[in-house]
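Respectively, the protein sequence lines represent chains A and B. Under our numbering, the residue at position 157 of the first sequence is numbered 157, and the numbers go up by one with no gaps. Our numbering runs 1000 ahead of the 1-based position in the second sequence.
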Amino acid sequence: MPARIVILGGGVGGTLAANLLTKELGRDAKVTIVDPTGMHVYQPGYLYVALGQANGQWLSRDERTLLRRDVDLVVDAAERVDTDAGIVHLRAGGSLPYDHLVVATGSRVVPEQVPGLVEGSYHFYTLEGAIRLREALRQFRGGRIHIGIAGIPYKCPPAPIEFTFMVEEYLRKRGIRDRSEITLLSPLNRAFTIESASKLVTPILEQRGVKIETFFNVESVDPSSGTVTSLEGQKLESDLLVLVPPHRGSAVVEASGLGDAGGWVPTDRMTLQREGFENVFAIGDATNLPISKSGSTAHFEAPVVVSRIASLIKGTAPKANYGGRVMCFLETGNRKSTVLRFDYENPPTPPKPSTFWHIGKWMFNRIYWVTLPQGRIPEMPGDKRRAG
Amino acid sequence: MGVEQVDREIDARGMPCPGPLMSLIGAIREGQVGQVIEVISSDEGSKIDIPAWVAKAGQEMVAVEQEADYAKFYVRKVR
């Protein structure tokens, strides 16, 4: 009988793992992917929607079209996993027994956890949020814009800085930059979590006239007065607040007792197994690993999980380990970008922002639908040192 | 050595920057005034970041203990 592999979530990690597993194991496995919507969304595109550079249609595809024919797709929400029995219970009432489980359920935003955030601020972490922000920006005639982070961890760590650079350019193009003040609120004592990237972007932010407030961890928003208050006791008045909402792990992880206090799956940093389970793996945003929650993380993790599950099924010694590899583009405005590539051992050494990487990011946005399902990411200059 | 009152311990050894500081910030958010939080960090940057944040946030640094490969920070939530 083929091994039953159930994958929860049809995002980057789940889709790639499903395709690679069927390719690797053929008839030795029956791979089923469970996704609540059956639609695959290219989430990095929300940033472009917010700035009026893309529409929502470009961002999503039917998940079925991205999967190999031998992968079963179940469009339903996984409600609870019974790890003792090895069964996934579905919302519609059905159940799926498994021999191996891959949790690729991503993260969700929970803006309601911060007082006033829903009514008093905007974000670009959902399609609805990005469209609402786009409309607010269109109405904006000048004033104070504050960009900050209302909870850590959050998806795509460079996104708030990218938005800052891009909104600065947007206001310039609209001719209202001189009537506007842009402030980046950082939870740390520097502009960005990764020190080398922070050193690179800080002078550019200053050059563009962006103010940086450090150690500003958002505590609450007062929608009536447009003020944002930090845990550190600072209060700022704003005309347009753009705040990354807090994130949590998925509801099914929490309902199944598979997560920690934040709903993140305690995961072995090398094997990607759920702590305490040989046959349960986690990839992408769903894990508790202290690395970027981004599509590229899931992309680099998926082959490790595939190789490990294949070893378990074939009875061979598992070899693949995840080394913490991540790759993120970082838009710096004016048609320039840099790129952050790093792993557990090597912090990034981002190149000077250039048009080359800006075009690279745009190309990646376009070829995502072709490269993602099969795990083909084109080699980039500088990648060779990480080969093997 | 040692601080008598510890209400919550966070062992952030092995966690890269800014993990230990962010764990402390999370614990301060969730904690009650008067509680002491102990953060154990092996990240060198914590020695600068954690005291700087505690000062900015108006919290109280009760003690810092340096061990061979890590440091222990004891922070009291005062507001």
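Beta carbons are placed, not taken as given, at the ideal position from N, Cα and C, and that holds for glycine. Predicted model only: the values in this text are computed from it and were never measured.
Alpha-carbon to alpha-carbon, residue j and residue i
i: A:Tyr170; j: A:Ile87; result: 50 Å
i: A:Thr339; j: A:Leu51; result: For the sequence presented, residue 339 of chain A should be read as Val rather than Thr. Roughly 21 Å separates the two Cα atoms.
i: B:Glu1038; j: B:Ile1010; result: 6 Å
i: A:Ile313; j: A:Leu185; result: 49 Å
i: A:His123; j: A:Ser180; result: 19 Å
i: A:Asp62; j: A:Ala85; result: 32 Å
i: B:Asp1069; j: B:Ala1012; result: 12 Å
i: A:Pro97; j: A:Val114; result: 38 Å
i: B:Gly1031; j: A:Ile194; result: 27 Å
i: A:Arg335; j: A:Ala54; result: 16 Å
i: B:Ser1042; j: A:Ile149; result: 26 Å
i: A:Gly45; j: A:Arg4; result: 34 Å
i: B:Val949; j: A:Ala317; result: Because chain B spans 1001 through 1079 in this model, residue 949 of chain B falls outside it and cannot be assessed.
i: A:Lys384; j: A:Asn346; result: Bear in mind that the predicted position of A:Lys384 carries a pLDDT of just 43, short of 50, making it unreliable; the figure below should be weighed with that in mind. Approximately 14 Å between the Cα atoms of the pair.
i: A:Glu278; j: B:Gly1014; result: 23 Å
i: A:Glu162; j: A:Ala92; result: 40 Å
i: A:Val370; j: A:Ser238; result: 42 Å
i: A:Leu20; j: A:Thr267; result: 21 Å
i: A:Glu395; j: B:Arg1008; result: Residue 395 of chain A is absent from the model: chain A starts at 1 and stops at 388.
Where the alpha helix (DSSP H) containing residue i begins and where it ends
i: A:Ser311; result: Gly295 to Lys314
i: B:Ser1023; result: Gly1019 to Glu1030
i: B:Pro1051; result: Ser1046 to Lys1056
i: A:Leu21; result: Val12 to Leu25
i: A:Thr229; result: Looking at the DSSP string, A:Thr229 is not in any alpha helix (DSSP H); the run it does join, the beta strand (DSSP E), is Thr227 to Ser230.
i: A:Lys319; result: Looking at the DSSP string, A:Lys319 is not in any alpha helix (DSSP H), and its letter there is neither H nor E.
i: A:Thr164; result: Ala159 to Lys173
i: A:Arg64; result: It is not in any alpha helix (DSSP H) - A:Arg64 carries neither H nor E in the DSSP assignment.
i: A:Val265; result: Element bounds for A:Val265: n/a, residue is neither H nor E.
i: A:Glu135; result: Leu127 to Gln139
i: A:Pro203; result: Glu195 to Gln207
i: A:Lys361; result: Thr355 to Thr371
Proximal residues to residue i (C-beta, below 6 Å), its chain only, five neighbours per side dropped
i: A:Ile204; result: Thr332
i: A:Arg269; result: Leu289
i: A:Ser256; result: Arg80 and Val81
i: B:Phe1073; result: Val1039, Ile1050 and Val1064
i: A:Arg190; result: Ser198
Boundaries (first-last residue) of the beta strand (DSSP E) holding residue i
i: A:Leu473; result: Since the first residue of chain A shown is 1 and the last is 388, residue 473 of chain A is not available in this structure.
i: B:Met1061; result: Glu1060 to Gln1066
i: A:Ser107; result: Ser107 to Val109
i: A:Ile176; result: Taken as a continuous stretch (DSSP letters only), A:Ile176 belongs to no beta strand (DSSP E), as it is neither H nor E.
i: A:Gly151; result: Per DSSP, A:Gly151 belongs to no beta strand (DSSP E) and is neither H nor E.
i: A:His123; result: Taken as a continuous stretch (DSSP letters only), A:His123 belongs to no beta strand (DSSP E), as it is neither H nor E.
i: A:Arg248; result: His247 to Gly249
Outcome for residue i when other beta-carbon atoms lying within 10 angstroms are tallied against a minimum of 16
i: A:Val304; result: buried
i: A:Pro2; result: exposed
i: A:Ala387; result: Any reading at A:Ala387 needs caution, since the residue's pLDDT is 33, under 50, leaving its predicted position unreliable; the model's value is listed next. Result: exposed.
i: A:Phe356; result: exposed
i: B:Gln1066; result: exposed
i: B:Asp1049; result: buried
i: B:Gln1059; result: buried
i: A:Lys155; result: buried
i: A:Ser224; result: exposed
i: A:Asn217; result: buried
i: A:Glu119; result: exposed
i: B:Met1022; result: buried
i: A:Arg138; result: exposed
i: B:Val1003; result: exposed
i: B:Ile1025; result: buried
Neighbourhood of residue i by C-beta, 7 Å cutoff - its chain only, sequence neighbours within 5 removed
i: A:Ser296; result: Val326, Met327 and Cys328
i: B:Gly1019; result: Ala1012
i: A:Pro348; result: Ile194, Ser196, Ala197, Leu340, Arg341 and Phe342
i: B:Pro1016; result: Asp1043
Cβ-based neighbour list, residue i, same chain, cut-off 8 Å, excluding 5 preceding and 5 following
i: A:Thr22; result: Ala29, Val31, Arg68, Asp70 and Val71
i: A:Thr15; result: Ile33, His40, Glu63, Leu66, Leu67, Leu372 and Pro373
Sub-8 Å separation of residue i and residue j beta-carbons
i: A:Ala130; j: A:Val252; result: no
i: A:Ile145; j: A:Pro160; result: no
i: A:Ala286; j: A:Val103; result: yes
i: A:Leu127; j: A:Val49; result: yes
i: B:Val1036; j: B:Val1062; result: yes
i: A:Leu73; j: A:Gly38; result: yes
i: A:Leu236; j: A:Val228; result: yes
i: A:Val210; j: A:Ala17; result: no
i: A:Asp343; j: A:Gly324; result: yes
i: A:Ile212; j: A:Pro187; result: no
i: A:Leu272; j: A:Tyr322; result: yes
i: A:Ser292; j: A:Pro157; result: yes
i: A:Ala310; j: A:Gly13; result: no
i: A:Gly276; j: A:Val265; result: no
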